[in-house]
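K.L.:
When the letters of the sequence shown are read in order and numbered with this note's numbering, they come out as residues 43 to 278.
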Amino acid sequence: MKREISLEAFTDGKLYTKNDMVKVGCGDCRDCCDCCQGMGDSIVLDPYDIHQLTTNLHLPLEELLSRYLALHVVDGIILPSIKLVSAQAMVNAGSEIAADSMQAVEVCPFLNHMGRCSIHTFRPGFCRLFPLGRYYVNGTFQYILQNHECPKENKTKIKVQKWLGISNLRSYENFVNIWHYFLVDMEALLETSQDEAEKKTLNLYLLNTFFKTSYSTNDFYGEFQERLTKAKSILL
Ligand code: SF4
Ligand code: SF4
Numbered sequence: 043m044k045r046e047i048s049l050e051a052f053t054d055g056k057l058y059t060k061n062d063m064v065k066v067g068c069g070d071c072r073d074c075c076d077c078c079q080g081m082g083d084s085i086v087l088d089p090y091d092i093h094q095l096t097t098n099l100h101l102p103l104e105e106l107l108s109r110y111l112a113l114h115v116v117d118g119i120i121l122p123s124i125k126l127v128s129a130q131a132m133v134n135a136g137s138e139i140a141a142d143s144m145q146a147v148e149v150c151p152f153l154n155h156m157g158r159c160s161i162h163t164f165r166p167g168f169c170r171l172f173p174l175g176r177y178y179v180n181g182t183f184q185y186i187l188q189n190h191e192c193p194k195e196n197k198t199k200i201k202v203q204k205w206l207g208i209s210n211l212r213s214y215e216n217f218v219n220i221w222h223y224f225l226v227d228m229e230a231l232l233e234t235s236q237d238e239a240e241k242k243t244l245n246l247y248l249l250n251t252f253f254k255t256s257y258s259t260n261d262f263y264g265e266f267q268e269r270l271t272k273a274k275s276i277l278l
């Protein structure tokens, strides 16, 4: 999701790379699950996130959509995001965190009864980042620290790549960047069309190509690149 406001308004004003130290260490989120509730449809998922979820939960995208995810239009493009569930339902299910930690009406369906992420090892990229964000400019991106997002006090400094905790970070960052700028191109393409049927066809093509069709488990990045090259040759 794009935001076009001054960096100083919501960050510490610095740009970080994966090798920089940044003040995000929050004591392993002890007694806190603030960022896993009340966030609406803001956890937008990319093809790598969906690949991780389908592979690790052994569920096809259709099943994920019926249970945990929803499709939303983001800057003109239909993309999957996490679908929050009623906090009351968690209470009714006997959640041990309900009484004192759940302040929002809706919570992430992956939050377990102890107030921890049940998919921590394969959680989405947005969750790995938080409270970091990405700042895209000139065909690349750097990391930003959103000042007021995580309420924990006395945070410690941690290297960005350790915070993200993702293997093969170079390939992941390359994928994230390519996917972002491809979506920018798609958004521009959709804006030029006045034909709603044409827009729907393009969105279905993107969903089928990059999300619905499963990736081989051992070379996600190679397969993604192949699909992208083909999509660009057809669409751009
Ligand atoms: S708000 Fe901060 S401390 Fe709380 S769960 Fe999120 S990252 Fe952890
Ligand atoms: S997927 Fe995990 S880390 Fe992300 S919002 Fe849900 S519970 Fe929190």
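Beta carbons: idealized from backbone N, C-alpha and C, even for Gly.
Predicted, not measured: the structure shown is a model, and the values here were computed from it.
#1: With 16 as the cutoff for other CB atoms within 10 Å, does D88 come out buried or exposed?
#2: K197: beta carbon under 6 angstroms from a heavy atom of ligand 1?
#3: With K254 as the anchor, note down where its alpha helix (DSSP H) starts and where it stops.
#4: Can you name the residues that DSSP bridges to P166?
#5: Please determine, among E148, L57, Y257, I276, the residue with the shortest C-alpha to C-alpha distance to I92.
#6: Going straight from the alpha carbon of P102 to that of K254, what length do you get?
#7: Compute the beta-carbon to beta-carbon distance between L187 and L206, rounded to the nearest angstrom, for a pair I have assumed lies under 8 angstroms.
#8: Can you find a heavy atom of ligand 2 that lies under 6 angstroms from the Cβ of R165?
#9: So the alpha helix (DSSP H) S213 belongs to, where does it begin and stop?
#10: Can we count F152 as close to ligand 2, meaning its CB is less than 6 angstroms from some heavy atom?
#11: So does D73 have its beta carbon nearer than 6 angstroms to some heavy atom of ligand 1?
#12: If L57 sits next to Y177, beta carbons under 8 angstroms apart, how far is it from one beta carbon to the other, in whole angstroms?
#13: Please name the residue, chosen from I220, I276, T182, Y247, that lies closest to I119 on a Cα-to-Cα basis.
#14: So what's F172 in DSSP terms, helix, strand or just coil?
#15: Are the beta-carbon atoms belonging to N98 and F168 less than 7 angstroms from one another?
#16: Under the DSSP definition of a beta bridge, which residues are partnered with M156?
#17: Nearer than 6 angstroms: is that true of the beta carbon of D76 relative to any heavy atom of ligand 1?
#18: Could you tell me whether the stretch 187–199 touches the stretch 105–117, using the rule of 3 or more Cβ pairs below 8 angstroms?
#19: Answer yes or no: the CB of C68 versus the heavy atoms of ligand 2, is any distance below 6 angstroms?
P.N.:
Taking the geometry as given:
#1: Residue numbering aside, residue 88 sits at position 46 when the sequence shown is read from its first letter. Counting Cβ neighbours within 10 Å, D88 comes out buried, since at least 16 surround it.
#2: Against the sequence shown, residue 197 aligns to sequence position 155. No, Cβ of K197 sits at least 6 angstroms from all heavy atoms of ligand 1.
#3: Indexing the sequence shown from 1 puts residue 254 at position 212. K254 -> no alpha helix (DSSP H), and no H or E assigned at all.
#4: In the sequence shown, counting from the first residue as 1, residue 166 sits at position 124. For P166, which the question treats as bridged, DSSP gives no partner whatsoever.
#5: Residue mapping note: residue 92 aligns to position 50 of the sequence shown, counting from 1. If we check each option's Cα against that of I92, Y257 comes out closest.
#6: On the sequence shown, position 60 is the one that residue 102 refers to. On the sequence shown, position 212 is the one that residue 254 refers to. About 8 angstroms.
#7: Looking up residue 187 in the sequence shown gives position 145. Looking up residue 206 in the sequence shown gives position 164. At roughly 13 angstroms, the Cβ-Cβ gap does not stay under 8 angstroms, so L187 and L206 are not in contact.
#8: As a first step, residue 165 must be located in the sequence shown, where it is residue number 123. Under cutoff, so the answer is yes.
#9: Taking the first residue of the sequence shown as position 1, residue 213 is located at position 171. Looking at the DSSP string, the run of the alpha helix (DSSP H) that includes S213 is 211–234.
#10: Counting from 1 along the sequence shown, the entry for residue 152 is found at position 110. Ligand 2 approaches F152 closely enough that one of its heavy atoms is under 6 angstroms from the residue's Cβ.
#11: If you number the sequence shown from 1, residue 73 lands on position 31. Because no heavy atom of ligand 1 lies under 6 angstroms away, the Cβ of D73 does not count as near it: no.
#12: Position 15 of the sequence shown, counting from 1, holds the residue named residue 57. Position 135 of the sequence shown, counting from 1, holds the residue named residue 177. Their Cβ separation, rounded to whole angstroms, is 6 angstroms, which keeps L57 and Y177 in contact under 8 angstroms.
#13: Walking along the sequence shown from the start, residue 119 turns up at place 77. Comparing Cα positions, the closest option is Y247.
#14: Here residue 172 refers to the residue found at position 130 of the sequence shown. Residue state, collapsed to three classes: coil.
#15: Position 56 of the sequence shown holds residue 98. Position 126 of the sequence shown holds residue 168. The answer is no: Cβ separation not under 7 angstroms.
#16: Working through the sequence shown from its first residue, we reach residue 156 at position 114. Answer by DSSP bridge pairing: none, since M156 is not bridged.
#17: On the sequence shown, residue 76 is found 34 positions in, with the first residue counted as 1. Taking non-hydrogen atoms of ligand 1 into account, the C-beta of D76 is found less than 6 angstroms away from one of them.
#18: no
#19: Your numbering for residue 68 matches position 26 in the sequence shown. Every heavy atom of ligand 2 is 6 angstroms or more from the Cβ of C68, so no.
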